[in-house]
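All residue numbers in the sequence shown are consecutive under this note's numbering, ending with 529. Cβ coordinates follow ideal geometry from the N, Cα and C atoms, glycine included. Remember, it's a predicted structure, so these values are computed and weren't measured experimentally. Okay, structure first, notes after.
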Amino acid sequence: MPDRLYIVIPCYDEEAVLGETASRLSVKMAGMVEAGLIDESSRVLFVDDGSRDGTWGIIEGLHSSDPLFSGLKLAGNKGHQNALFAGLMTARERADVVISMDADLQDDVECLDEFMRLYYDGCDVVYGVRSDRGKDRAFKRLSAQGFYRLMRVLGADCVYNHADYRLMSSRALEGLASFREVNMFLRGIVPLIGFKTGVVEYTRGKRFAGETKYPFRKMLSFAWDGISSFSVRPIRFITMLGFFVFFVSLCLMVYSLVRNILGQTVPGWSTLMISIWLLGGLQLLALGVIGEYIGKMYSEVKARPKYIVETFLDSGSSD
């Protein structure tokens, strides 16, 4: 008997694309049921992350018209990673296997069959990996690839060119549930779970409709969250920088003493000003980085909930 699949899709202001997403997934999952890859009780779970448009109304309509579609509404906007985590934890109690993907149809739904085949071959985690970035703009391509390389250098075991298009078995989800941190960075956490993994390569398409939810500012914030959640090397870099500046200061002190002894002392207003600004900038930078880590520890110590569910719609539960 095939296993029960839940597809978890975080949504934030996605009213322009949800209808097409639901249509394609309905056809795809019907084909997978017919092929014996998934059980007929499988579902698509849309997670509304505090959308400001008509996203939730569309999800309610889909649920009312077809039991294939379930809905989870969070009480406010909690961010993509927390919304995805909320969907995964909700599906964990109802499914044998879960696949997460974006709502904008950039993730190729035709790869779902291959995800399931690798799962039946014994993989507890299957990563959807982009085969190329030829369609990206040069800046987007270079910054994304640089991010994955930087994460590797800093010690985080992220899968190269993988976002959040992945399959997780029920026991992999149990492992994920054991991670209690408030600041979630799933691309770094999932590889820590272990178990057998597989890879499905696909060509990422263009966004079907609507606007991207990751402008440059959010991309930078997301990258820093990943770096600071999985590595203390930025703080170690500050320590090394401090030793370097101290060494340069000793050299300048010796240089100044020698020139003084030789009677070649010249008033060095420019040098003094540059030194003050340089050291002041380095100190502020160091305090900023340390402050970011202290802020994360502050959030973790408070242990506030990552999300709060306002409404859950599922054909097997009370609405």
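| query | result |
| --- | --- |
| L383 versus M211 - alpha carbon distance | 21 Å |
| Host alpha helix (DSSP H) of I269 (start-end) | T265 to S275 |
| Simplified DSSP assignment, three categories, for Y337 | strand |
| Supposed contact pair G338 and Y412 - C-beta distance, whole angstroms, cut 8 Å | 6 Å |
| Inter-stretch contact (C-beta, 8 Å, three-pair minimum) for the region 384 to 403 and the region 311 to 326 | no |
| Reduced DSSP secondary structure (H/G/I, E/B, other) of S527 | Low confidence applies to S527: its pLDDT is 46, below 50, so where it sits in the model is not reliable enough to give any reading. |
| Distance CB(G260)-CB(E270) smaller than 8 Å | no |
| Segment limits, alpha helix (DSSP H) that includes R537 | Because the chain here runs from 211 to 529, residue 537 falls outside it and cannot be looked at. |
| Touch test, the region 248 to 260 against the region 292 to 307, Cβ-Cβ under 8 Å, three pairs minimum | yes |
| First through last residue of the beta strand (DSSP E) which encompasses E324 | No beta strand (DSSP E) holds E324; the alpha helix (DSSP H) holding it covers L322 to Y330. |
| Within 8 Å, strictly: CB atoms of D263 and E225 | yes |
| C-alpha distance - K489 paired with E391, whole-angstrom precision | Position check: residue 489 holds Leu in this sequence, whereas Lys was assumed. L489 and E391: Cα-Cα distance of roughly 35 Å. |
| Nearest-angstrom Cα separation, counted from I309 out to I268 | 21 Å |
| Which listed residue (L228, E324, G501 and Y222) has its alpha carbon closest to that of G289 | Y222 |
| Helix, strand or coil at Y503 [DSSP, three-state] | helix |
| Proximity of L278 and A296 at Cβ, strictly below 8 Å | no |
| G385, buried or exposed, once every other Cβ within 10 Å from all chains shown has been counted against 16 | buried |
| T407 - DSSP class collapsed to helix/strand/coil | strand |
| Local conformation of T413 per DSSP, three classes | coil |
| M311 beta carbon less than 8 Å from that of L247 | no |
| As assigned by DSSP and simplified to three states, the class of G452 | helix |
| Chain-order list of residues whose beta-carbon lies under 6 Å from that of I518 (same chain, five-residue window excluded) | A285 |
| Contacts around S527, its chain only, beta-carbon distance under 6 Å, and the 5 residues preceding and following it disregarded | Model confidence at S527 stands at a pLDDT of 46, short of 50, so the residue's coordinates are unreliable and nothing is read from them. |
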